[in-house]
Each structure stands twice: as C-alpha cells, then as structure tokens.
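Enquirer: In the working numbering, each residue's number is its place in the sequence shown (first place is 1) plus 213. Take this structure first; my questions come after.
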Amino acid sequence: MSGVEEIPNEPADVKGDIEFDVEAEQHIEDDFVVDPTRYMFYRNRKEWADLEPVPQDDGPNPVVKIAYSEKFSDVYDYFRALLKNDEKSDRAFALTADAIELNAANYTVWHYRRVLLQALTKDLREEMRYITNIIEEQPKNYQVWHHRRMVVEWLNDPSEELEFIADILSQDAKNYHAWQHRQWVIQEYKLWDNELEFVESLLEEDVRNNSAWNQRHFVISHTTGFSDPAVLEREIQYCLIQIKKAPHNESAWNYLKGMLPDRGLSSQPGLLEKVLELKETHCSTYLLAFLFDCYEDALENSNQKENVDEEERKETLRKALEITELLAQEKDTIRKEYWLFLGRSLKSKYGPSSPSGEPLADDPEPSAPTSAQQDMN
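Here is the structure:
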C-alpha cells in the first residue's frame, strides 16, 4: 500500500458547479466588454495600468468641495495624467470623448482634443460629424461652437455651415452662439448671397426676432451700406411695414434709428411725416420716443445754422415738449420722471432766454430725478 494518501475524486455535481462558475465569470467578462453601456473604470483597465492618475488638487481646505461622481473623478484623473505627460495617442483621443460627455464646457479638454486631431492626423470629416452631434445636444455652449469653427478653418470648407446653423436656429431663433458662428462664416467666406432673404423669412415668422433684425443690419452694413439713398429708402419702407404689424415691437424702431445716425433722424426727407401718419393709427411709446428724438435732432441742427427761423424752432420745441408730457402723464408713466427730466433739459437748452443768456425765472434748471423718485416709479 502506497504511503501517499489518495485524494478521492470530487463529486460530479460539485465539479459541474465549479465549471459553471468559471463559464459564468467568463461570460460576464465578455458581456462587460461587448456591452458599451456598462462602464469600466480606467483604473481597472489593463491598457491604462502604465499611467498614474492625477487627482484634482482642491487645496488642503476647500471651501465648497464639489461632489464629483466616481466616474467623473476617474475620467478626469486620467485626463490630467495624459495632459501632464503630453501624451499624443489614440487612447488619449478616445478619453477626451469620455471627458466631453461628462462636461462639454471644459475648454482644456477641447483644446487638447484639437492638439490630438492634428498630431494624429485624424479624419476631420469624422470630427465634423462628431461636433455636429454634440452641438445638437448642447446648442448653447461656447466651447463646442469654437471647436466647430476651428475644424471648418482646417478643412477650409464652409459648405455645410449655413444649412446646419439654419437648422439650429429653427429650434431657437435667438441662439446667440449660432448667430455668432453664422456671422463669422458669412464674413470669412463671403457668403452674403441670399442672406437677406433668409433674414426676411425669419422676420415673417416672428417680427419681434431682435436677432434677425441685428443680422439684417449686419448684412447691409457689410455689403451695400446705408449711404445709397435707394437702399435707405427701401429699408425705411420695410421698417414701416413691419411696424404696422406690431406697433409695440422695439426691435423695428431700434433698426430704424440704427441706420440713420450719420444722416440725423430729422434730415431724412419725408420720414417725419410718415411717422406722424403712423401715429394716428399705430401709436406706441416707441413711436413717440422716436418723434422726440427727431425733434431734438432738429433743434440741435438749428443751433448749427446761421439763419434760424425762430418761429419754426419754437414750434419744434413745443412739439417735443408735448411728446414728453404725453409720455410722462399717459403713455409711459413708469418712466414719468425720466420724460419730465428730458422735457426740462430741452426747455432749458432751447427755450427763450433773458438778455443775459440765462434761462428765465419760470424755466428752472433741469435736475436729474432723485433716487427716491426713481424708486417710486
């Protein structure tokens, strides 16, 4: 009999359980790799074992420590390690996508991704598809639009931009980031054709779209300009038509004033008469304020003339003061003190004076409204 103790064979059912456990574990591992929705921490990935993660340093006594998720800390700890080593690799490029998914507003991640795009000569068309998806999810993010601009510059191809921006604006017609990008594309690549038509289509949908009004001014200022009398008259007529649609829309009045400052509001032939006509049927605080600006401009111009018709000047002053009184007492009472102050200022500056040149006793010097008065109003 041998001195070596013979170990009996394991029961068949125990052996079967062990084999099942091994197979199940392998199956779970396979599923973990195949299933992209199951996240594996970078610290547990064999291909990242060579990299020492760099934790965020909030100092010894952080005042308000942000409660980052475990996944967030894991991704950004390894991102900082890559940045520290200045690693330019495919795995670094892949990690930037994870970091962007967690925080698409992180400028440093986007900058590093651009460095990698060039260092690894990545497919820029693929990158355009990637950034398009990000913008569609986060259309009001500075960093994503800046990244798109850089890729468009590298490709030197703006062919997809106007259509893409129009699609974004169809979701929110006042998206500042989209408009900023559109202005850059148009100006950089001279894509002015049909832009006025695009703006008009937006104003037809919403005449109060101040972003579209701003774009209209931008386009004309950089193409024909407003110095051509035909262009100016066309734009005045366009404004007046839109004002009739929505008399209380400030955007149209701002546009009207914005294209006239070099010439002066009172110097455009026939404009004052047209606005007075409009006053009878489409009166608003903005219309009255525009009339006041016109009268004030006329008074200012009369000061620069040698031969001034005093009666005409008095009549212009009377009309201006009538407007301020109407606004203060009836149409814009919330700013009553403001309009009364403007009236006193105008009367002091252009009203009748004593022989010494000082304002008459019944025309007191204008005084700005006190803070208490402003609070009451």
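The beta carbon of each residue, even a glycine, is placed where N, CA and C say it ideally should be. What you are looking at is a predicted structure, and each value in this text was computed from that prediction instead of being measured.
#1: Thinking Y289 and L264 are a contact (beta carbons under 8 Å), I'd like their distance in whole angstroms, please.
#2: Which parts of the segment 291-335 are runs of the alpha helix (DSSP H), unbroken and 4 residues or longer, counting only runs that do not cross its ends?
#3: Could you name each continuous beta strand (DSSP E) segment of 3 residues or more that falls completely within the segment 453-532, going from the start of the chain to the end?
#4: Y563 lies in the alpha helix (DSSP H); which residues open and close that run?
#5: Can you list, in chain order, the residues of its chain with a C-beta nearer than 6 Å to that of L485? Leave out the 5 residues immediately preceding and following it.
#6: Keeping to the same chain, check which residues put their C-beta closer than 8 Å to that of T436; ignore five residues upstream and five downstream.
#7: Anyone know if the C-beta pair for Q455 and L416 falls short of 8 Å?
#8: Run through DSSP, which three-state label would T437 get?
#9: With a 10 Å radius around its C-beta and 16 neighbouring C-beta atoms as the bar for buried, classify G556 as buried or exposed.
#10: By Cβ distance below 8 Å, which residues in the same chain neighbour I313 in space, the five residues on each side in sequence not counted?
#11: Using the Cβ count rule (16 or more neighbours within 10 Å means buried), how would you classify Y563?
#12: What alpha helix (DSSP H) runs, 4 residues minimum, are completely inside the segment 383-420?
#13: If we ignore side chains and look at the alpha-carbon of each, how far apart do P579 and V432 end up?
#14: When you compare only the Cα positions, how much space is there between K560 and R447?
#15: What separation, rounded to the nearest whole angstrom, lies between the Cα atoms of L478 and E350?
#16: Can you tell me whether K228 is helix, strand or coil according to DSSP?
#17: Who are the Cβ neighbours of L534 in its own chain at under 7 Å, not counting the five residues just before and after it?
#18: Okay, do the segment 510-529 and the segment 542-556 touch, 3+ Cβ pairs below 8 Å being the bar?
#19: In angstroms, rounded to a whole number, what distance separates the CA positions of Y389 and N423?
#20: When DSSP labels each residue in this structure, what does K284 get in the three-state scheme?
#21: Could you compute how far the alpha carbon of V488 sits from the alpha carbon of L329?
#22: Just verifying my parser: in three-state terms, what is the DSSP assignment at V276?
#23: Hey, how far is the Cα of L512 from the Cα of N407?
#24: Count the other C-beta atoms from every protein chain shown that fall within 10 angstroms of the C-beta of M472, then say buried if there are 16 or more, exposed otherwise.
#25: Grab me the residues of P460's own chain with a C-beta within less than 6 Å of its C-beta, minus the 5 sequence neighbours each way, in chain order.
Expert: Let's see:
#1: The pair is not a contact, with the Cβ atoms about 13 Å apart (cut-off 8 Å).
#2: 303-315, 320-332
#3: none
#4: 549-563
#5: C507
#6: W405
#7: yes
#8: coil
#9: buried
#10: N319, V322, W323, R326, I347
#11: buried
#12: 389-402, 408-418
#13: The pLDDT assigned to P579 is 46, lower than 50, so where the model puts this residue is not dependable; a value taken from the coordinates is nonetheless given after this. Those two C-alpha atoms are separated by around 41 Å.
#14: 35 Å
#15: 45 Å
#16: The pLDDT assigned to K228 is 48, lower than 50, so where the model puts this residue is not dependable; a value taken from the coordinates is nonetheless given after this. Reduced to three states, the DSSP call for K228 is helix.
#17: G556, L559, K560
#18: no
#19: 11 Å
#20: helix
#21: 59 Å
#22: coil
#23: 41 Å
#24: buried
#25: H495, S497
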